[in-house]
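A short write-up of the structure that comes next.
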Amino acid sequence: AQSVTQLDSQVPVFEEAPVELRCNYSSSVSVYLFWYVQYPNQGLQLLLKYLSGSTLVKGINGFEAEFNKSQTSFHLRKPSVHISDTAEYFCAVSTAGTASKLTFGTGTRLQVTL
Amino acid sequence: SQTIHQWPATLVQPVGSPLSLECTVEGTSNPNLYWYRQAAGRGLQLLFYSVGIGQISSEVPQNLSASRPQDRQFILSSKKLLLSDSGFYLCAWSGGTLNTGELFFGEGSRLTVL
Numbered sequence: 001a002q003s004v005t006q007l008d009s010q011v012p013v014f015e016e017a018p019v020e021l022r023c024n025y026s027s028s029v030s031v032y033l034f035w036y037v038q039y040p041n042q043g044l045q046l047l048l049k050y051l052s053g054s055t056l057v058k059g060i061n062g063f064e065a066e067f068n069k070s071q072t073s074f075h076l077r078k079p080s081v082h083i084s085d086t087a088e089y090f091c092a093v094s095t096a097g098t099a100s101k102l103t104f105g106t107g108t109r110l111q112v113t114l
Numbered sequence: 001s002q003t004i005h006q007w008p009a010t011l012v013q014p015v016g017s018p019l020s021l022e023c024t025v026e027g028t029s030n031p032n033l034y035w036y037r038q039a040a041g042r043g044l045q046l047l048f049y050s051v052g053i054g055q056i057s058s059e060v061p062q063n064l065s066a067s068r069p070q071d072r073q074f075i076l077s078s079k080k081l082l083l084s085d086s087g088f089y090l091c092a093w094s095g096g097t098l099n100t101g102e103l104f105f106g107e108g109s110r111l112t113v114l
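These protein sequence lines are chains A and B, in that order. If you're matching positions, the first sequence starts at 1 in my numbering and goes up one per residue. If you're matching positions, the second sequence starts at 1 in my numbering and goes up one per residue.
Structural data, given as structure tokens:
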């Protein structure tokens, strides 16, 4: 079975600063990896996903993530954050090759301030 | 394109009253359907999932039940609500030829039990 760890429950950052939200996964087989964003009182929206191919994945709103198989990580980054990026971010993993369910991390609250 | 809707968006109910949350998906057939719950400040908890009409799997034993009377309709119910049922409920679907496990979420339903 797969699992996901988001070590940081909260990440405070100033506007226009860079940010990295960490995600590590555990799986014995090939995986698909996802980052979702949730704004207050809304559903989750897909930011980006890694299915195969290039390990650097670009998503919406200027976010990108890099799949690192040796470190079993899929960290999310943005070079310059905006106030509107304040939200909860969830990393998720599913197992390739099966009718799989996503396993979610516990989420990271990104708080952007002036 | 595919869309997912759930309602009501907000619900305030007394303890012991019944509950019905409804979710419908359009633009796809035979989706996998899911109900998640978020308690305040907590991550996502998978409650139920369904791979077809009348097929329901429960992830967590509790006061709630789910039904799938039609291919693209998923209902979350309770006969008698508890205070602990308060939370943000999210419906989601997955499917498609790749079957990567990627989920598409509804807008969420905020339930407050008093």
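We put the beta carbon where it would ideally sit given N, CA and C, even for glycine.
Asked, Found
"Helix, strand or coil at residue 53 (chain B) [DSSP, three-state]", "coil"
"Residue nearest to residue 58 (chain A) in terms of C-alpha spacing, selected from A:79, A:69, A:43, A:7", "A:79"
"Residue 77 (chain A) beta carbon near the ligand HEM (any heavy atom closer than 8 Å)", "No copy of the ligand HEM appears in this structure; indeed no ligand is present at all."
"Own chain, CB closer than 6 Å to residue 12 (chain B), minus 5 neighbours either side, in chain order", "112"
"Contact residues within the segment 90-104 of chain B, judged by C-beta distance below 9 Å to chain A", "90, 91, 92, 94, 98, 99, 100, 101, 102, 103, 104"
"Alpha-carbon spacing of residue 100 (chain B) relative to residue 106 (chain B), whole angstroms", "19 Å"
"Residues near residue 16 (chain A) by beta carbon distance below 6 Å, same chain, minus five either side", "80"
"Check whether residue 76 (chain A) and residue 44 (chain B) have beta carbons under 9 Å apart", "no"
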